[in-house]
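> Before we start, here is the structure in question, set down as structure tokens.
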């Protein structure tokens, strides 16, 4: 696999253990003096995938809204059905007596059928109201009290491991999904629409990152803001405000993908120790509003998931990786290599 001596951002889906990292002296860079002379794009950052997927809760308001929307559609369909049959029956009752006398004797039969069909439509509307009552009254109670195992099974890649824990365990690349909830409130999350679960607001993980960097002045950390649900420009502006609040002056600004990167030692010396990448968040803002520290992920690297997702054990994944032949276009980019660690710690 041709990596062109570029950085590997490792996405470890189920991280169970890493050596503890303590505050480093000024001669050390990300755990070793040997790394200080490495350019940023030559260093391998151990990371987690869906790093913010802990303490998640189902988005009950989104579920209720979707549920109500579906049942409302059902009720409207029943009403339209009844209106249609009433209209047709009215026309039939009016025209039938005008038919020849031998045919008019049959008018009562179709009329009865029409009325019964209309009654069926009205019954449909009544049936639809039952799940609407469930949406409004019962569903929020069930959603708000969903058991912990339910969220861990469906959404949480990093249960019981917040950012402070992951950073202490040696993780240096964080992959974060974000959502817009309750109007313009931005949170970490996993999933989309009615199937999403919400986590903390931005202040929580950025506050933990700030505290870690203050206690570990010789560490460089990468953040990738990837999937979004909701208006990406709202998320982008919220991120700009939050970064200015928690990490003012500490985020590295790289001019363009073609420019050389500084070494880890230089970044640590200048105290520019956070590098941020994003995809649709980056494109959501006009250039004159885009923070200079926000870098376009597709312009720098590619994810290995499209060509490794069929592997289900270490040998299969390694084989898919080693046999990957990038297109001439993809050869220009880094590879973000996705590994999966099983919860039993054996693979």
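Residue numbers (the working numbering): -11 to 335.
By construction, the Cβ of each residue, glycine as well, lies at the ideal position given by its N, Cα and C atoms.
My output table needs one value for residue 14: the three-state DSSP class, helix, strand or coil.
Residue placement at residue 14 is poorly supported in this model, since its pLDDT is 47, which falls under 50; the coordinates still yield a value, given next. Looking at residue 14 - three-state DSSP - the assignment turns out to be coil, as it is neither helix nor strand.
> Contact between the segment 215 to 222 and the segment 261 to 274: three or more CB pairs below 8 Å?
The segment 215 to 222, when compared against the segment 261 to 274, does touch it at the 8 Å Cβ threshold.
> Helix, strand or coil for residue 269, going by three-state DSSP, please let me know.
Correct three-state label for residue 269: helix.
> Alpha carbon to alpha carbon, what distance is there between residue 192 and residue 3?
Only weak support exists for where residue 3 lies, its pLDDT of 36 falling under 50; the value from the coordinates is given anyway. Roughly 20 Å between the two C-alpha positions.
> Closest by CA to residue 252, which one among 273, 297, 28, 159?
It is 28.
> Bridge partners for residue 216 per DSSP, in chain order?
Answer by DSSP bridge pairing, in chain order: 166.
> Going by Cα to Cα distance, which pick from 49, 194, 300, 316 is closest to residue 171?
It is 49.
> In three-state DSSP terms, what is residue 319?
Helix at residue 319.
> Could you give the residue range of the beta strand (DSSP E) that holds residue 176?
It spans 173 to 178 - the beta strand (DSSP E) in which residue 176 sits, taken as one unbroken run.
> When you compare only the Cα positions, how much space is there between residue 246 and residue 180?
Cα-Cα distance, rounded: 34 Å.
> Check this for me: beta carbons of residue 414 and residue 272, under 8 Å apart or not?
Shown here, the chain extends from -11 to 335; a query on residue 414 therefore has no answer.
> Could you tell me the distance, in whole angstroms, from the CA atom of residue 188 to the CA atom of residue 292?
Cα to Cα, residue 188 sits roughly 28 Å from residue 292.
> Assign residue 141 to buried or exposed, taking buried as 16 or more other Cβ atoms, counted over all protein chains shown, within 10 Å of its Cβ.
By the 10 Å Cβ count, residue 141 comes out exposed.
> Using the three-state DSSP reduction, which class does residue 242 fall into: helix, strand or coil?
If DSSP states are grouped into helix, strand and coil, residue 242 belongs with coil.
> Measuring CB to CB, does residue 163 end up less than 8 Å from residue 299?
Going by C-beta atoms, residue 163 is not nearer than 8 Å to residue 299.
> Spatial neighbours of residue 176 within its chain, please: C-beta separation below 7 Å, excluding the five flanking residues on both sides.
So the qualifying residues of the chain are 40, 164, 165, 166, 187, 188, 193.
> Exposed or buried, which one is residue 47 when buried takes at least 16 other CB atoms within 10 Å?
With 16 or more Cβ atoms within 10 Å of its Cβ, residue 47 is classed as buried.
> Tell me whether residue 198 sits in a helix, a strand or coil according to DSSP, three-state version.
Of the three classes helix, strand and coil, the one that applies to residue 198 here is helix, per DSSP.
> Quick check: the Cα distance between residue 190 and residue 320, rounded to an integer number of angstroms?
Taking the straight line from one Cα to the other gives about 33 Å.
> For residue 137, count neighbouring Cβ atoms within 10 angstroms of its own Cβ and tell me buried if that reaches 16, exposed if not.
Residue 137 is exposed by the Cβ-count criterion.
> Buried or exposed: where does residue 15 fall if 16 or more other Cβ atoms within 10 Å of its Cβ makes it buried?
By the neighbour-count rule (16 or more Cβ atoms within 10 Å), residue 15 is not buried but exposed.
> For the beta strand (DSSP E) containing residue 185, list its first residue and its last residue.
Residue 185 -> beta strand (DSSP E) spans 185 to 189.
> Under three-state DSSP, which class holds residue 208?
Here residue 208 sits in coil by DSSP.
> Under 8 Å, do residue 235 and residue 198 count as touching if we go by C-beta distance?
Taking 8 Å as the Cβ cut-off, residue 235 and residue 198 qualify as a contacting pair.
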